[in-house]
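First residue of the first sequence: 91, per my numbering; consecutive thereafter. As structure tokens, the structure follows; a few thoughts come after it.
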Amino acid sequence: MISAEKILFTVVQKALQELYTLKSDNITFQKTRKEFEGDLTLVTFPFIKETKKSPEQVGQAIGEYLKQNEKQVSDFNVVKGFLNITLSNEFWLNYFNSIKDSESIGFKVPESSGRTVMLEYASPNTNKPLHLGHIRNLLLGYSVSNILKANGHKVIKVSIVNDRGIHICKSMLAWKKWGNGETPQSSGMKGDHLVGKYYVIFDKEYKKEVEELVGAGKKKEDAEKISLLMMECQDMLLKWEAGDKATVDLWKMMNSWVYEGFAVTYKTVGVDFDKTYYESNTYLLGKELIKEGLEKNVFYKKENGSVAIDLSAEGLDEKIVLRSDGTSVYITQDIGTAIERFKEFPDLKQMIYTVGNEQDYHFKVLFKILEKLGYSWAKECYHLSYGMVELPEGKMKSREGTVVDADDLLKEMFDTAEATTKELGKVDEFSETELKDLYYLIGSGALKYFMLKVDPKKKMLFDPKESIDFNGHTGPFIQYTHARIKSVLRKADFDYTKSIEAASFEPAEKEILRWIYDFESVIEESGKSLSPSLVANYVYELTKSYNRFYHELPIMKEENKEVKMLRLQLSKACGQTISNAMNLLGIKVPEKM
RNA sequence: GACUUCGUAGCUCAACUGGAUAGAGUAUUGGCCUCCGAAGCCAAAGGUUGCGGGUUCGACUCCCGCCGAGGUCACCA
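This is the structure we're talking about:
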């Protein structure tokens with residue numbers, strides 16, 4: 091079905107042409123505010139300069155033109171400079187009949203756009219378990235990939251694991267010194283938590299040593315340099331890079347513990363990847379390219395032998411891309427992996443990095459370097475930058491133990507879901523496994539919705555003392571409404587699928603239909619802005635409109651058979667839309683709860 | 001210090017990218033289950049959009065200056 095906006099666009103264009111001989115492409119419609127009569131609103135102010143008429147006159151004239159020349163327009167009114175357009179009942183009925191039995195309301199045909207997008211998210215370090223900040227990253231990345239798919243793109247989800255470097259050696263060294271051979275099996279700890287424990291131990295011991303040195307009269311900076319522990323650690327890194335067997339074996343073993351732990355958390359959060367990259371495999375990639383860049387004069391060698399690029403003309407600073415000892419820095423690997431990925435997937439059109447906004451500058455530099463190296467796809471690289479999750483006392487700091495652990499938080503959510511469900515006692519007939527699934531569904535739904543409803547760009551606050559709500563503007567509220575719809579539909583044990591040919595919509599019914607109609611454009615918009623929050627806030631509004639309808643009008647109790655069928659069909663379509671929208675957020679929706 | 005992001009009801013967030021009287025939830029107060037699911041619905045109260053200028057038909061949104069908070073400015077990752 092052609093959208094009303096498209097139809098109206100051409101008619102309004104014609105109206106302007108015929109009435110004022112005015113050519114304009116700048117015609118946009120907005121949803122009419124609910125305190126006014128109408129479906130779509132056209133703002134007439136942009137046209138008053140050329141027409142030299144008042145906004146009211148222009149609105150009135152265009153309105154009349156529309157009403158006479160476009161049968162889908164049944165009425166209009168003008169308030170100040172706003173032309174409110176009412177679409178015909180026939181239009182809405184046609185629309186309703188076209189979607190009422192569809193399961194893919196709002197979605198484009200999969201891979202119809204032919205655009206292949208790679209989306210990187212997760213990118214954890216292997217020295218500590220995942221925390222709340224990672225959860226935001228995971229949910230965002232996963233949801234954005236769903237939204238892009240719903241827009242017809244092909245998406246490759248990838249993760250890059252930061253599995254090498256000095257920070258990994260810290261855990262390894264501490265385990266070697268004080269671990270007494272402890273394993274996930276022997277301790278009963280999840281692998282990533284076990285490794286994280288030794289990372290913390292290292293830090294504690296290191297601090298202790300530095301303090302002792304300072305106590306003995308050393309300056310802090312000097313103490314940090316001559317710390318035996320740190321020197322041992324650096325030695326370990328050298329051994330690792332040289333391929334020393336014992337070191338590499340230890341590294342492999344501890345990493346495998348971490349991966350097992352991560353796999354559990356990913357599964358619990360409900361995210362997955364098409365491919366995982368490891369920095370231990372890719373960290374040398376960039377080096378070859380440095381040579382190339384030197385030949386092209388994009389980079390230059392400094393006196394001490396290091397290689398750098400000057401970006402001051404772009405308003406950025408000088409950036410080192412190769413150390414004087416010839417080893418690569420962080421950004422060197424990123425240059426290498428980016429190039430590698432575009433080689434690996436020749437039909438790749440866009441590359442999205444889901445990384446926190448503390449790395450805004452890093453990505454600016456990275457993309458600029460890629461551009462200077464002459465890669466045409468550099469401008470298609472995009473940093474999906476999101477704000478930090480903050481606690482009431484400020485930023486989370488792993489060293490100070492103020493992090494909210496991902497596994498703990500998830501567990502807590504499931505427990506709360508269990509307690510609330512038991513208290514309400516509506517699913518007594520559920521089996522043990524059904525109940526467990528339900529707690530999982532509600533608990534993770536609450537957490538996911540909580541995090542995805544806020545604009546990714548903005549930082550958000552999480553207060554562990556006030557647990558995440560299950561009432562109001564929340565995931566469970568939406569899940570509940572879906573269960574309620576399913577309950578109504580279960581009661582309708584007759585065939586109500588016949589198309590309704592003649593009916594008019596009550597305001598409450600129309601409101602729902604109006605929201606369902608908007609779903610498609612919301613998906614488009616959130617795909618463009620890579621923002622799941624648009625979908626989250628949208629589905630909340632849709633859900634509210636259903637609850638209002640539900641309280642206002644009878645469904646199964648309605649006497650008129652046609653009206654009853656219409657309301658059942660509307661309920662079904664609404665339930666489907668809720669389910670589709672929540673799916674984009676990675677949230678499942680129950681039949682009963 | 002330079003650059004950068006942000007500042008909206010007590011609290012957590014919206015506001016269709018410059019549009020109508022700035023909206024929700026929560027907390028507070030009141031009403032609605034012998035009637036399709038009360039994790040719900042209805043209502044009251046809550047605001048000088050940090051402050052001061054400017055741009056225009058119109059500003060939470062754009063520009064300038066203050067104030068306040070975060071982030072980044074490594075041959076760390």
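Glycine included, C-beta positions come from ideal geometry on N, C-alpha and C.
#1: Can you give me the Cβ contacts of Ile-532 inside the same chain, cut-off strictly under 6 angstroms, excluding the 5 residues immediately before and after it?
#2: So, at 6 angstroms on beta carbons, what are the nonlocal neighbours of Glu-95 in its own chain, with the 5 sequence-adjacent residues on each side left out?
#3: With a CB to CB cut of under 7 angstroms and the five nearest residues on each side skipped, what residues in its chain are close to Lys-458?
#4: Checking the sheet assignment: what are the DSSP bridge partners for Ser-475?
#5: State yes or no: is the C-beta of Ser-616 within less than 7 angstroms of the C-beta of Leu-603?
#6: Could you check if Asp-129 is buried or exposed, using at least 16 other CB atoms within 10 Å of its CB as the buried criterion?
#7: Sort Leu-328, Met-344, Gly-676, Thr-100 by Cα distance to Thr-417 and report the nearest one.
#8: Quick one: what does DSSP say Ser-346 is sitting in, helix, strand or coil?
#9: My guess is that Val-251 and Thr-366 are in contact by the Cβ rule of under 8 angstroms, so how many angstroms apart are they, rounded?
#10: Skipping 5 residues on each side, what residues in its chain have a beta carbon closer than 6 angstroms to that of Val-397?
#11: Bridge partners for Leu-177 per DSSP, in chain order?
#12: Since Leu-263 contacts Cys-323 with CB under 8 angstroms, what's their CB separation in whole angstroms?
#13: Could you compute how far the alpha carbon of Ser-346 sits from the alpha carbon of Asn-116?
#14: Report the CB separation of Val-578 from Ser-661 in whole angstroms; it is logged as a contact under 8 angstroms.
#15: Which same chain residues end up closer than 7 angstroms to Tyr-288 when comparing Cβ atoms and leaving out the 5 residues on each side of it in sequence?
#16: Report the three-state DSSP secondary structure of Val-300 (helix, strand or coil).
#17: With Glu-430 as the anchor, note down where its alpha helix (DSSP H) starts and where it stops.
#18: Any contact between the region 574-589 and the region 548-565? By contact I mean 3 or more CB pairs, one from each, below 8 angstroms.
#19: Among the candidates Asp-497, Ile-425, Ile-575, whose CA atom is the shortest distance from the CA of Ala-468?
#20: In the region 348-386, which residue ranges form an unbroken beta strand (DSSP E) of at least 3 residues, counting only runs that do not cross its ends?
#21: From what residue to what residue does the alpha helix (DSSP H) around Thr-571 run?
#22: Going by the CB atoms, is the gap between Thr-216 and Leu-173 shorter than 7 angstroms?
#23: List the endpoints of the continuous alpha helix (DSSP H) containing Leu-263.
#24: Who are the near neighbours of Thr-337 in its chain, counting only those whose CB is closer than 8 angstroms to its CB and skipping five residues on each side?
#25: Measure the alpha-carbon distance for Ala-151 versus Leu-109 and round it to whole angstroms.
#26: Out of Ser-619, Gln-569, Ser-370, which one is the CA nearest neighbour of Asn-637?
#27: Thinking just about the alpha-carbon of each residue, which of Lys-121, Val-101, Thr-122 is nearest to the one in Ser-114?
#28: If I'm right that Ser-534 touches Leu-500 with Cβ under 8 angstroms, what's the distance once you round it to whole angstroms?
#29: Any idea what DSSP makes of Phe-172, helix, strand or coil?
#30: According to the neighbour-count rule (16 or more other Cβ atoms, all chains shown, within 10 Å of its Cβ), is Ser-93 buried or exposed?
#31: Check the C-beta distance from Ala-212 over to Asn-227 and give it rounded, since I have them as a contact under 8 angstroms.
#32: Under a three-way DSSP split, which group does Tyr-390 fall into?
#33: List in chain order: all unbroken alpha helix (DSSP H) runs of 4+ residues lying wholly within the region 470-553.
#34: List the endpoints of the continuous beta strand (DSSP E) containing Ser-249.
#35: According to DSSP, which residues form a beta bridge with Thr-206?
#36: For Val-148, which of Glu-519, Pro-644, Tyr-640, Leu-112 has the nearest alpha-carbon?
Based on what the coordinates show:
#1: Ala-507, Pro-566
#2: Phe-119
#3: Leu-401, Glu-404, Leu-406
#4: Val-445
#5: no
#6: buried
#7: Leu-328
#8: helix
#9: 6 angstroms
#10: Ile-380, Phe-389, Lys-391, Val-411, Leu-412
#11: Val-163
#12: 5 angstroms
#13: 57 angstroms
#14: 6 angstroms
#15: Ser-261, Ala-264, Trp-265, Gly-269
#16: helix
#17: 420-434
#18: no
#19: Ile-425
#20: 365-368
#21: 565-581
#22: no
#23: 256-268
#24: Met-262, Met-326, Lys-329, Trp-330
#25: 8 angstroms
#26: Gln-569
#27: Val-101
#28: 7 angstroms
#29: strand
#30: exposed
#31: 6 angstroms
#32: strand
#33: 496-514, 522-542
#34: 244-251
#35: Lys-244, Leu-438
#36: Leu-112
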